[in-house]
Amino acid sequence: MPTIRLEHVTKSFRNSEHKGDAVSDVELTINQGDFIFLVGSRGAGKSTLLRLISGDLYPDRGKVFLDDVPVGRMGMQRSRLRSLVGWVPQESRLVRDRTVYWNLTPHNPVAWFENRLSGEPLVKKALGLVGMSGVEERFPREFSLSDCRRIEVAKAILTSPAILILDGITDKLDDDTTWDLLHLLSELNTHGTTILMVTNAARFINIMRKRVITMADGKIVGDVAKGRYDTILTRNRPR
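Just add 26 to the spot in the sequence shown (first one is 1) and you have our numbering.
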């Protein structure tokens with residue numbers, strides 16, 4: 027499974043909403059099997075950092091590597107990246123008037139054919155793991171936002187990716203659902219999946235005591251191996 031490495035990564039935006047570096051000269055190593063909570067205030071650069079790691083964005087300066095292979099226009103191909111990284115973005119990308127099964131499966135003819143032969147058990151298993159068994163032929167519009175987020179997690183874990191990236195999925199979940207999700211992520215992590223997630227679920231972060239990375243103004247200002255949400259994370263990075 028791959029190690030993630032960022033070398034002097036900067037991503038800038040110039041628009042009416044944001045002017046400046048969303049991520050500024052970030053250096054970071056995420057080892058195989060890490061479980062990381064990424065925290066910080068709104069606008070700190072957390073979502074941009076996740077999008078850079080997932081390949082959804084490319085850096086303006088610096089490089090992102092997966093096991094020394096650069097993620098970018100001239101590096102790792104998107105098809106290979108998709109096989110390694112399960113990605114749940116901040117904004118839902120479910121198509122509300124298509125079935126859950128359709129949303130969880132590939133749509134090009136070859137992939138669709140292969141999926142019809144072998145994908146249905148994977149879909150059932152993934153939905154079962156997130157507590158959404160039996161909803162394959164229903165539509166996202168029938169479910170609450172909380173349930174839709176669980177469906178998106180099922181899509182992300184469908185092919186057992188080596189890296190799972192989740193952006194703000196606990197923001198609209200109740201405590202019971204959040205705990206169920208974190209328990210699932212912990213189980214996946216035990217079996218080797220690297221977990222990287224943005225969340226403000228302070229109580230759960232403090233209970234789990236995983237690696238906590240704090241961002242402010244596009245920079246990493248804290249990195250603690252068994253951190254707490256309410257700790258002032260200004261010490262040197264442990265790795």
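Heads up, the beta-carbon is just placed ideally off N, CA and C, and yes, glycines get one too.
Smallest Cα separation from residue i: which of the options?
i: residue 217; options: 209, 223, 224; result: 209
i: residue 78; options: 91, 67, 117, 59; result: 91
i: residue 242; options: 211, 215, 74; result: 74
i: residue 119; options: 53, 111, 130, 206; result: 130
i: residue 226; options: 68, 33, 56, 46; result: 68
i: residue 255; options: 164, 237, 93; result: 237
i: residue 213; options: 190, 198, 34; result: 190
i: residue 150; options: 169, 34, 126; result: 126
i: residue 85; options: 147, 37, 72; result: 37
i: residue 47; options: 249, 245, 253; result: 245
i: residue 178; options: 163, 195, 33, 132; result: 195
i: residue 166; options: 122, 197, 89, 72; result: 122
i: residue 54; options: 89, 83, 148; result: 89
Secondary structure at residue i, three-state DSSP: helix, strand or coil?
i: residue 245; result: strand
i: residue 172; result: helix
i: residue 149; result: helix
i: residue 166; result: helix
i: residue 53; result: strand
i: residue 213; result: helix
i: residue 197; result: coil
i: residue 154; result: helix
i: residue 77; result: helix
i: residue 114; result: strand
i: residue 183; result: coil
i: residue 135; result: Its pLDDT being 45, under 50, residue 135 is placed unreliably in this model, and the coordinates cannot settle the point.
i: residue 121; result: coil
i: residue 95; result: strand
i: residue 227; result: coil
i: residue 207; result: helix
i: residue 159; result: coil
With which residues is residue i paired in a DSSP beta bridge?
i: residue 221; result: 61, 190
i: residue 46; result: 39
i: residue 33; result: 89
i: residue 239; result: 64, 249
i: residue 28; result: Paired residue(s): none; residue 28 is not in a bridge.
To which residues of the same chain is residue i closer than 6 angstroms at the C-beta, ignoring the five residues directly before and after it?
i: residue 152; result: 180, 183, 184
i: residue 115; result: 193
i: residue 235; result: 252
i: residue 222; result: 62, 191
i: residue 56; result: 30
i: residue 51; result: 34, 36
i: residue 170; result: none
Tell me which residues share the same chain as residue i and place their Cβ nearer than 7 angstroms to its Cβ, disregarding the 5 neighbours each side in the sequence.
i: residue 188; result: 27, 28, 110, 219, 220
i: residue 161; result: 126, 153
Ignore the nearest five residues each way along the sequence and tell me which others in residue i's own chain have a CB closer than 8 angstroms to its CB.
i: residue 59; result: 27, 215, 218, 219, 220
i: residue 199; result: 172, 175, 207
i: residue 186; result: 219
Does the Cβ of residue i lie closer than 8 angstroms to at least one heavy atom of the ligand ATP?
i: residue 227; result: In the structure shown, the ligand ATP is absent, as is every other ligand, since no ligand is present at all.
#### Entry: At least 3 beta-carbon pairs within less than 8 angstroms: the region 173-180 vs the region 57-72
no
- If you pair each beta-carbon of the region 33-41 with each one of the region 143-158, do three or more pairs fall below 8 angstroms? no
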